[in-house]
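Mapping to numbering that gives the first Met the number 0: the sequence shown position 395 is 394, numbers consecutive.
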Amino acid sequence: MSEHYTTLSTVDGEHLATVRRLLADVRSVPALSERYAHLDTITDVADLAKVPVMLKDDLQAALRHLKPRATTGTTWVFQSGGSTGSPMVGYAPTGLYMREVHEHWGALDADDVVVNAWSAGKMWGAHYLVNELVDLAGCVAMSLGAIMKEEYSAWFDFFAERGVTAIGGTPSVLRLLFAHAREHGHRLPSLRKVLFLGEAWDSRLDEDIAEVAQDARRWGMFGSTETWVMATNTPDCAADVWHLMPSQLVHFGEDELMDFTSLKPDGLNPVLRYRTGDAGRVVPCPCGTDGLQVLGRRDGLVKFRGHLVNVADLIAQVSDVDGVQRAQLVVHTYADRGAVLEVLLLAARDMADVADRVREHIVASAFGPSIVFQRVPESLRVTVADALISNDRTGKTANLVTRQHS
Ligand SMILES: [Zn+2]
C-alpha cells in the first residue's frame, strides 16, 4: 500500500489510546456505526489505513450525537460555516489548545505589543484563540476586531504611538489595512511581526508591508474550526509550507487530499482521518526541515454555461493584469436567462481602463469559457469595486461568490 502516515513526533502508546477513544466515539454514533463496524481495534499507526475517511458532514453528525464536554473548564462552541446551510461547529476546552502552539511556534514573546485584528463575535474562533496565545505570551495585547475603512488612519496613528510590534488578521483584512497605510503614508517602525490565519498568504502583502513596516515579517497559523490550529510557519519558511504540531497526524490519499487525526488527549472533536478538502505534500522548507505544502482545495472548479472554470487559475490570470490589486469571481444565476460571470476588481488608482483590459484579457485567452464570452458578450461583466464581497463575520474574502436572482 502506497499510503503512509507522517507526524513530527513519534506516535506513542498514549497517542494510540487517543486514537482508540476516537474510534469508540465515532462508532457510538448511530449514523456512522456501520462504517466503522469492520474495525477491531487500533494497535499500530499503520492500522489507521483501515479507518474510513471522515468528511465535514460526518464530523457534524458525530458532534450532534456526542455533544462533547470538556473535563475541566468550559466547553466552547465555535462555528465556521458560511452564510448558507447548517453551520459547521467545533468544540474546544478552555485554552482552545493554544498551549501547544505557544510552545512550538515562538511567534510572540513578552516584549510584544500585539493588535488582534481578526473579527470578533458571531462564534468565529480566530479572534479568541489568538487571545489565548497572547495570554500565554504574557505580552501587551489590544483586541481590535473588525474596523471600517474610515477608521483605518486613526488606528494606524494609534498603533504607531503605542509602538505596536505585531499585528494579526486574515490576509484579506491585512491587505486592506496595509494597502491603506501604504497609500496614506502611515509607517509602523516598531512592527516586527504580521500574524495570519484563516486564508492563504497573499504575496502582494509583501510589497505593502515592506513600505509600511520594513522590519516586519509574516508568521502563519493553519487550521480550521474542526481541527483547531494544526500547523504554523515562520519568516524562514515558504508562505504555503507548514510545520505540524506534534499532536497532528496527517495522511495523503488520492489526489494528494489530506486527512488529519488529532492526538490531543483532551480533544473534543472526533477528528479521526478527517478530510479538510485541502490537498498537500511533504516538501523541503527553506527553513531547513521538511514541511507540509498546502496545495489548496481540489474542489476549485465551477461549471459556467457548460464550461469548467478553474477559479484559482482565473483569479491568478486576472491578477496579472497591470493595475489589478485583487480580483473575485461572482457567478450570477437568473431564472429567466443564462448565467453571468462577474469579475470584481480592486484597482490601483489612475487605472481608468483596467476593467476594459481585464475583459480583453479574458475574452482573448484560450481558457474554457472565453468562447462563451465571444458569443454572448453580456455573459461576462467586469466591475471595478470599492470593496470585494466578504463574509461580515470572519472578514474572509472567497475567490468565488454565487448569487441567485429570481
Ligand atoms: Zn519551514
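Even for Gly, the Cβ is constructed at its ideal location relative to N, Cα and C.
The model shown is predicted, which means the values in this text are computed figures rather than measured ones.
| Check | Outcome |
| --- | --- |
| Rounded separation between residue 218 and residue 242 - CA only | 12 Å |
| Cutoff 6 Å; reference residue 104; Cβ partners in own chain excluding five residues on either side | 231 |
| Distance, residue 389 Cα to residue 400 Cα | 9 Å |
| Three-state class that DSSP yields for residue 192 in the structure shown | strand |
| Element boundaries [alpha helix (DSSP H), containing residue 245] | It is not in any alpha helix (DSSP H) - residue 245 carries neither H nor E in the DSSP assignment. |
| Limits of the beta strand (DSSP E) - the one that residue 383 falls within | 379–383 |
| Which of helix, strand or coil DSSP assigns to residue 341 | strand |
| Through-space distance from residue 402 to residue 83, alpha-carbon basis | Low confidence applies to residue 83: its pLDDT is 38, below 50, so where it sits in the model is not reliable, and the reading given next is rough at best. Taking the straight line from one Cα to the other gives about 12 Å. |
| Pairwise C-alpha distance: residue 102 and residue 114 | 20 Å |
| Straight-line Cα distance separating residue 121 from residue 392 | 6 Å |
| Local Cβ density within 10 Å of residue 9, reported as buried at 16 or more and exposed below that | exposed |
| Meets three-Cβ-pair contact criterion under 8 Å: the segment 179–196 and the segment 210–227 | yes |
| Ligand 1 site residues, beta-carbon cut 5 Å against heavy atoms | 236, 284, 286, 290 |
| Residue 333 classed as buried or exposed, judged by whether at least 16 other C-beta atoms fall within 10 angstroms | exposed |
| Continuous beta strand (DSSP E) assignments of at least 3 residues falling wholly in the segment 54–110 | 74–78, 88–92 |
| Sheet register partners of residue 331 (DSSP bridge) | 339, 402 |
| Opening and closing residue of the beta strand (DSSP E) in which residue 290 lies | 289–296 |
| Secondary structure of residue 139, DSSP reduced to three states | strand |
| Residue(s) in a DSSP beta bridge with residue 277 | 296 |
| Rounded distance between the beta-carbons of residue 293 and residue 312, thought under 8 Å | Not confirmed; about 17 Å, so no contact. |
| CB contact flag (residue 264, residue 74, <8 Å) | no |
| Buried versus exposed, by CB contacts within 10 Å (16 or more), residue 45 | exposed |
| Straight-line gap, residue 324 to residue 205 (C-alpha atoms, nearest Å) | 13 Å |
| Bridge partner(s) assigned by DSSP for residue 233 | For residue 233, which the question treats as bridged, DSSP gives no partner whatsoever. |
| Nearest to residue 77 (by Cα), restricted to the options 91, 99, 246, 272 | 91 |
| Rounded straight-line distance, which links the Cα of residue 345 to that of residue 387 | 7 Å |
| Given residue 177 as reference, the closest of 200, 163, 196, 151 once Cα atoms are compared | 151 |
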